[in-house]
Amino acid sequence: MIAVRKRLRQDERMLATFSIIPSVEVVQLIALAGFEAVILDTEHGPYGVEHLVPLIAGAHARQMHAIVRVRENSPGWIGAALDAGADGILVPQVASPREAEAAVAAARFAPLGRRGANPWVSAAGFSGDPGWFAAANEAVAVIVMIEGAEGVASADEIIRTPHLDGVFLGPVDLSHALGVPGELGHPSVIAKIEEVVALAKSRSMSTAVFAPTPAGAKAWLDRGVGLVALGVDTAHILAGLVSAREATLLPDAPET
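Sequential numbering of the sequence shown, starting at 1, is according to the working numbering.
(1) Would you report the Cα separation of Ala80 and Val225, rounded to the nearest angstrom?
(2) Would you grab the beta carbon distance between Val196 and Val152 for me? Rounded to a whole angstrom, and I think it's under 8 Å.
(3) Name the one or two DSSP bridge partners that Thr207 has.
(4) Beta-carbon within less than 7 Å of Ala124's beta-carbon, same chain only, minus the 5 sequence neighbours each way: which residues are those?
(5) How big is the Cα-Cα spacing for Ala86 and Leu250?
(6) For Val242, count neighbouring Cβ atoms within 10 angstroms of its own Cβ and tell me buried if that reaches 16, exposed if not.
(7) Strictly by DSSP, which residues pair up with Asp41?
(8) My guess is that Val228 and Ala211 are in contact by the Cβ rule of under 8 Å, so how many angstroms apart are they, rounded?
(9) Please confirm if the segment 13-27 is in contact with the segment 36-52, defined as three or more CB-CB distances below 8 Å between the two stretches.
(10) Cα-Cα, which of Pro171, Pro162, Asn118 and Glu194 is closest to Ala103?
(11) Within this structure, are the beta carbons of Gly148 and Ala177 separated by less than 9 Å?
(12) I need the DSSP call for Thr213, collapsed to helix, strand or coil.
(13) Any heavy atom of the ligand ZN within a distance shorter than 8 Å of the CB on Gly88?
(14) Do Val38 and Thr17 have their C-beta atoms closer together than 9 Å?
(15) Using C-beta distances below 7 Å, list every residue in its chain close to Phe109, excluding the 5 sequence neighbours before and after it, in chain order.
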């Protein structure tokens, strides 16, 4: 597969979804549905680093990228997710260029950063190959999430962070920061996202956005956003089950 970082640089469109269910089967179903990437969400999902290796392997077995949203902006979480084989990391609640720089440093080996070096991990194929460090620096994508008022205010400086690959606009948290909690489609939320997307494009920086609905996801892709995360696995499963139940109980349900 072409590395996520390279795809972001080439401004390719990618459709992903968040996964908060620590299940290899769910990850493979997402891949079989045709998504280019899954975002394994250790911030909100009930699982930790110990679950990542099989989940990432399951995604790769189905030719799908695995990006990990780490629980926090810390070298420990970022390094562990990447050692497990993640194609990229998504770092939540980045509000300043200093925080963006810290995320990049934790994800890059020296001389580009301060990631702890161990070539006997899953990401390196347990090989011990010293050439893996440079290859990982070139392939791994680092994306930071701008989700609050401070992040939006500092967006221009965050976007200028060396070796950063993308900025992800989180409308859920942003709606809370703007005083319209849960209103992801509120004009003020959309306007702020559009503002940062336009700014990032002017700086040749890749952008990503969360969209809870297919219509919203399509709209952001049509606006040139490179990576769109369409909903969450729990919501997709619930919607499918509700739809199946309702269709079955309709008086005029077709016989098969």
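Cβ atoms here follow ideal geometry from the backbone N, Cα and C, with glycine treated the same way.
Based on what the coordinates show:
(1) Here residue 80 corresponds to residue number 80 of the sequence shown, with the count starting at 1. Here residue 225 corresponds to residue number 225 of the sequence shown, with the count starting at 1. About 28 Å.
(2) Reading the sequence shown from its first residue, position 196 is the one you call residue 196. Reading the sequence shown from its first residue, position 152 is the one you call residue 152. That pair is a contact at about 6 Å.
(3) Along the sequence shown, read from residue 1 onward, the residue named residue 207 stands at position 207. Thr207 pairs with Val167.
(4) Residue mapping note: residue 124 aligns to position 124 of the sequence shown, counting from 1. Cβ neighbours of Ala124 beyond the five flanking positions: Trp132.
(5) Numbered from 1 along the sequence shown, position 86 holds the residue referred to as residue 86. Numbered from 1 along the sequence shown, position 250 holds the residue referred to as residue 250. Rounded to the nearest angstrom, the two C-alpha atoms are 44 Å apart.
(6) In the sequence shown, counting from the first residue as 1, residue 242 sits at position 242. Val242 is exposed by the Cβ-count criterion.
(7) Taking the first residue of the sequence shown as 1, we reach residue 41 at position 41. Answer is Arg69.
(8) One-based indexing of the sequence shown puts residue 228 at position 228. One-based indexing of the sequence shown puts residue 211 at position 211. Their Cβ separation, rounded to whole angstroms, is 6 Å, which keeps Val228 and Ala211 in contact under 8 Å.
(9) yes
(10) Your numbering for residue 103 matches position 103 in the sequence shown. When only C-alpha atoms are compared, the closest one is Pro162.
(11) The residue you call residue 148 lines up with position 148 of the sequence shown. The residue you call residue 177 lines up with position 177 of the sequence shown. Yes, the pair counts as a contact, with Cβ atoms nearer than the cut-off.
(12) Within the sequence shown, the letter at position 213 stands for residue 213. Three-state result, Thr213: coil.
(13) In terms of ligand content, the structure shown is empty, and the ligand ZN therefore cannot be addressed.
(14) Looking up residue 38 in the sequence shown gives position 38. Looking up residue 17 in the sequence shown gives position 17. Yes; because the gap between Cβ atoms is below 9 Å, this pair is in contact.
(15) Within the sequence shown, numbered from 1, the residue matching residue 109 stands at position 109. Result list for Phe109: Arg115, Ala117, Phe133, Ala136 and Asn137, in chain order.
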